[in-house]
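Student: To convert, note that position 29 of the sequence shown is 29 in this note's numbering; the numbers rise steadily by one, no gaps. Built from N, CA and C at the ideal position, the CB exists for glycine as well. This is the structure I have questions about; it appears just below.
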Amino acid sequence: MIIQALIERDVRISMKDQGISSIPVYFEERECSSTTAYRILSKFDNILLNHILVDGMEVKHVSTDISNTQRKILSLLHIEENRFRPA
């Protein structure tokens, strides 16, 4: 529960600092000015990272593209986008 509160707090502080009044976290990209950790985290439900191994060696790394909303949330949380991309 504390982690959820910290996520919500960080997003709200970043939104205020950047002059952002709302972000699209509801269904159909509807805006929300005071979002919950559940809504924030649910925007990342579709992220897939796959490592294809042959004889124990990684031959391919496949990942889901990140949406603009996901980019915005990562930015608000000060998380680098490259954590969700192949190295």
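(1) Taking one C-beta from the region 34–44 and one from the region 54–63 each time, how about it: are there three or more such pairs within less than 8 Å?
(2) Might you give, ordered along the chain, the residues of its own chain that have their beta carbon closer than 6 Å to the beta carbon of L49, omitting 5 neighbours on each side?
(3) Let me know if K72 comes out buried or exposed under the rule of 16 or more other beta-carbons within 10 Å of its beta-carbon.
(4) With 16 as the cutoff for other CB atoms within 10 Å, does C40 come out buried or exposed?
(5) Using the three-state DSSP reduction, which class does S63 fall into: helix, strand or coil?
(6) For the beta strand (DSSP E) containing V54, name the first residue and the last one.
(7) Answer with buried or exposed for V54, where buried requires no fewer than 16 other C-beta atoms within 10 angstroms of its C-beta.
(8) Which residues does DSSP list as the beta-bridge partners of E58?
(9) The alpha helix (DSSP H) spanning E8 covers which residue range?
Tutor: According to the structure data:
(1) no
(2) S63
(3) buried
(4) For the sequence presented, residue 40 should be read as Ile rather than Cys. Buried.
(5) strand
(6) 49–54
(7) exposed
(8) L53
(9) 2–18
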